[in-house]
Structures are given as C-alpha cells and as structure tokens.
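Residue 251 is where the sequence shown starts when you use our numbering, and the numbers rise one by one after that.
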Amino acid sequence: MIHKITPSNDTFRFCMLFAGLLFGIFFPALAQSGPELQMVELSKKLQLTDKQKKELMPIVEERDKKIKALEANTSMGKLQKIRKASEIQDSFREQAAKYLSAEQVKKLEALQAQRRAKLMGH
Numbered sequence: 251m252i253h254k255i256t257p258s259n260d261t262f263r264f265c266m267l268f269a270g271l272l273f274g275i276f277f278p279a280l281a282q283s284g285p286e287l288q289m290v291e292l293s294k295k296l297q298l299t300d301k302q303k304k305e306l307m308p309i310v311e312e313r314d315k316k317i318k319a320l321e322a323n324t325s326m327g328k329l330q331k332i333r334k335a336s337e338i339q340d341s342f343r344e345q346a347a348k349y350l351s352a353e354q355v356k357k358l359e360a361l362q363a364q365r366r367a368k369l370m371g372h
C-alpha cells in the first residue's frame, strides 16, 4: 500500500515548512545568507520601519542560529527535525507579530502561503 501525502496531511505540512525554512521558500535569502540579508528581504516585503527593523533583528538572528544548529544536528531524525523546524518558525512568527501591524502580519502569511504554493507547483 502506498501512503499518499496530501496538503491536509500533517506530515506533508511539516515537510513543506521544513523545506521552506531550510531552502529559502519563505524568504529567498534565508537559505543562503545570514540575518542581515534576511532582514533586507523582510524589510522590502513587509515595508518595515527603522524601529521595526531594530526590534526584529534579534528575532531573525535567533531563528537563523537555531536553524543552522538544526541543520548541523546529526543525532535527530528527519521527523524530529521537521517538528523542531516547525517550532522554530512558529516561535519566530509569534515573536515577530508583536512588532508588526495587522497588515504586515497578513502580508507575511500571504508571502509564506505563496511560496509554499510555488514549491508545490500551483
């Protein structure tokens, strides 16, 4: 029997999130850059103010550090890494939302959804 992975399947969602975090699906610069370039991308897409940039930079740096540590971790299994990546992204989103307007949060969510759809070929 072949197990079908569908968009409503939790494993599929975790896989997509993990792929996004590790390969730059959410932000093109994420997989290839440090926090500074990630902030450039966020700033451009969300039209951040200077104050927001200062507030978000430590959050982006922490996420970057956690993702790099996760990528380097050889003791965790694939599913564990996917779950941990999901936790990291959820934490980032929650922390970032404290400094974003409602409109910016919507833009961030739309951007993430758009990139996930692009990855899936839609």
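Ideal Cβ positions, reconstructed from N, Cα and C, are used throughout, including at glycine.
Only a predicted model underlies this, so the values are computations on that prediction, with no experimental measurement involved.
Should I317 and A346 be called a contact, given that it needs their Cβ atoms to be closer than 8 Å? no
Could you check whether K328 and L320 sit closer than 8 Å to each other, using their CB atoms as the reference points? Taking 8 Å as the Cβ cut-off, L320 and K328 do not qualify as a contacting pair.
Where L361 falls: helix, strand or coil (DSSP): Here L361 carries a helix assignment [DSSP, helix/strand/coil].
Residue range of the unbroken alpha helix (DSSP H) whose run includes Q345: 328-347
So E305 packs on P285, CB below 8 Å; how close in whole Å? At roughly 13 Å, the Cβ-Cβ gap does not stay under 8 Å, so E305 and P285 are not in contact.
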